[in-house]
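Worksheet for the structure shown next.
Number of protein chains: 2
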Amino acid sequence: MKGTLYGLGVGPGNSDLVPIGAVRKLAEVDVVFAASSPKNDFSHALNVVDEFLPDGVDVRYLDFPMTRDQAVLEAAWNENARMVLEVLDAGKDAAFITIGDSLLFSTWSYLMATVKEHDENAQLVSFSGVPAYHAAASCLNLPLVEGSETLLVFPGVKDLEHFVEMGNSVDTLVVMKAYKNFDQLLDAVSQMKGKHRVIAASNVGLKNEAIVEDAFTLRGTKMPYLTMLIVKSVK
Amino acid sequence: MKGTLYGLGVGPGNSDLVPIGAVRKLAEVDVVFAASSPKNDFSHALNVVDEFLPDGVDVRYLDFPMTRDQAVLEAAWNENARMVLEVLDAGKDAAFITIGDSLLFSTWSYLMATVKEHDENAQLVSFSGVPAYHAAASCLNLPLVEGSETLLVFPGVKDLEHFVEMGNSVDTLVVMKAYKNFDQLLDAVSQMKGKHRVIAASNVGLKNEAIVEDAFTLRGTKMPYLTMLIVKSVK
């Protein structure tokens, strides 16, 4: 019988937030796959679960290059699918670990798609994890949404054409990967109607976590890759 | 020294999704508080963590009445704060357990506010959990958002005035507590531009979990209290 690949969301960084099902699964599987790119956030996943990995566990690295070159991407993804299927075809179970939730802006969705392209019968199971913005809110005891409030999660990489308008129509706005155009995002937030709390959170759950309650004081700062903004309407 | 109250998000229902930090905390605290109302979702929290509670643990129930009568609500919340502070003032630590995440549409935010009103120095710590819509998506291996996509979380109890417009401006729309006006929500979704996958998920992570990939087939059905819609643009 072929093996199963589990996509485990391990939360943002603090090992306390790893779901117990993921902890159990890591103790059971034959192989643990992790992303190898030092430039992307997924390389943190292995540190997050370090204390839960059995001694001598078989860890293998998958390459997710940070490029827009489609040929390079496809070659890497195909190689990743091949490496995974080699394990599953041998009847072994494996886990792929990814920070945050496995289905929210995660490499797991690309890995699933590529593996399915190579073998539509491959057994893939997704396990949820805690997204980083929940952990950031918990550091401040800040309710993200209550009652009839609305929450919008917006990736910083998206163009800002409708950003102010969308921000005006919700109660809480989370901007993920806000590192690239941080100042531009702050400018846009300051154009939104009403009063807001604007919080910047970087490296949530990691040793160098930084949560700044007035993000505007950081204008002009080069922000870390794992930076988000939480913009909350003040009533 | 006074004790600390931990607000633990225990995920939607499947004990696999309880963060390991919450499991550890439940083994350490002197008292576990849970909501008592059989009508609201929070009464599930105790079932979710049942296997992690030490034998003979001191469980106490807090009443969160489902009413709009402000006097009734305030009396209940004040009594809850009193019960919590009695424990903390005696130097004991306690946990309040709540399904999903502790800061997303959760009773924990009201409990925090009331306890702080009674004692502004009360030690309160929030622990994040996995929201139900992540778990629903994982059952289907459905990426909630990828790349530059946007996610809107909308409570079904909100008026639908801008609902179609907001749905049109995002890639993925989650409607929590969609039980009350389920058919009306489906009507509104069918007015949105473009093609969508419309999934109904009820009692996610619980024994009577039901995930229906075409929510429109449920039109006219009386849906359970814990029902959500996931509406995803198809490109």
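Respectively, the protein sequence lines represent chains A and B. Under the working numbering, the residues of the first sequence are numbered 1 to 235, in order. Under the working numbering, the residues of the second sequence are numbered 236 to 470, in order. Backbone N, C-alpha and C define an ideal beta-carbon position, used for all residues, glycine too. Bear in mind the structure is a predicted one, so any value in this text is a computation, not a measurement.
Range of the contiguous alpha helix (DSSP H) that encloses residue i
i: V72 (chain A); result: 70–89
i: S344 (chain B); result: 342–353
i: V410 (chain B); result: Where V410 (chain B) is concerned, there is no enclosing alpha helix (DSSP H), although the beta strand (DSSP E) it sits in stretches over 407–411.
i: L140 (chain A); result: Element bounds for L140 (chain A): n/a, residue is neither H nor E.
i: S15 (chain A); result: Careful: S15 (chain A) lies outside any alpha helix (DSSP H) and carries neither H nor E.
i: D419 (chain B); result: In the sequence as presented, Asp is not what sits at residue 419 (chain B); that position holds Gln. From DSSP, the alpha helix (DSSP H) with Q419 (chain B) extends over 417–425.
i: V283 (chain B); result: 280–284
Neighbour-count burial assignment, residue i, 16 or more Cβ in a 10 Å radius
i: Y368 (chain B); result: buried
i: E448 (chain B); result: exposed
i: M427 (chain B); result: buried
i: M301 (chain B); result: exposed
i: S425 (chain B); result: exposed
i: D41 (chain A); result: With a pLDDT of only 47 at D41 (chain A), under the threshold of 50, the placement of this residue in the model should not be trusted; the figure read from the coordinates follows. Buried: at least 16 other Cβ atoms inside 10 Å.
i: N78 (chain A); result: exposed
i: T217 (chain A); result: exposed
i: D101 (chain A); result: buried
i: G56 (chain A); result: exposed
i: V294 (chain B); result: exposed
i: P131 (chain A); result: buried
i: N443 (chain B); result: exposed
i: K260 (chain B); result: buried
i: A257 (chain B); result: buried
Contact check, residue i vs residue j, beta carbons under 8 Å
i: G244 (chain B); j: F362 (chain B); result: yes
i: M458 (chain B); j: V410 (chain B); result: no
i: S169 (chain A); j: M401 (chain B); result: yes
i: A329 (chain B); j: V253 (chain B); result: no
i: A270 (chain B); j: L297 (chain B); result: yes
i: P143 (chain A); j: S383 (chain B); result: no
i: D406 (chain B); j: V380 (chain B); result: yes
i: R219 (chain A); j: L186 (chain A); result: yes
i: L386 (chain B); j: I446 (chain B); result: no
i: I465 (chain B); j: A371 (chain B); result: yes
i: L160 (chain A); j: A178 (chain A); result: no
i: I97 (chain A); j: A27 (chain A); result: no
i: M1 (chain A); j: G91 (chain A); result: yes
i: L103 (chain A); j: S373 (chain B); result: yes
i: G440 (chain B); j: G246 (chain B); result: yes
i: V392 (chain B); j: K415 (chain B); result: yes
i: L308 (chain B); j: D354 (chain B); result: no
N-terminal and C-terminal residue of the beta strand (DSSP E) that residue i is part of
i: Q123 (chain A); result: 123–127
i: K92 (chain A); result: That residue, K92 (chain A), is in no beta strand (DSSP E); it is neither H nor E in DSSP.
i: F389 (chain B); result: 386–390
i: S233 (chain A); result: 227–234
i: G9 (chain A); result: 4–9
i: F33 (chain A); result: 31–35
Helix, strand or coil at residue i according to DSSP, with G and I counted as helix
i: I211 (chain A); result: strand
i: T452 (chain B); result: helix
i: H431 (chain B); result: strand
i: I99 (chain A); result: coil
i: M401 (chain B); result: helix
i: Y133 (chain A); result: helix
i: D290 (chain B); result: coil
i: S148 (chain A); result: coil
i: L26 (chain A); result: helix
i: L297 (chain B); result: strand
i: L160 (chain A); result: coil
i: L104 (chain A); result: strand
i: A436 (chain B); result: strand
i: P224 (chain A); result: coil
i: Y179 (chain A); result: coil
i: D41 (chain A); result: The predicted model places D41 (chain A) with a pLDDT of 47, which falls under 50 and marks its position as unreliable; any figure quoted below should be read in that light. D41 (chain A): helix per DSSP, three-state reduction.
Any non-hydrogen atom of the ligand MG within 7 Å of residue i CB
i: G56 (chain A); result: This structure does not include the ligand MG; it has no bound ligands of any sort.
I'd like to know if the segment 195–211 of chain A and the segment 282–292 of chain B are in contact, where contact means that at least 3 CB-CB pairs between them fall below 8 Å.
no
On the three-pair Cβ rule with 8 Å, is the segment 114–121 of chain A touching the segment 349–364 of chain B?
no
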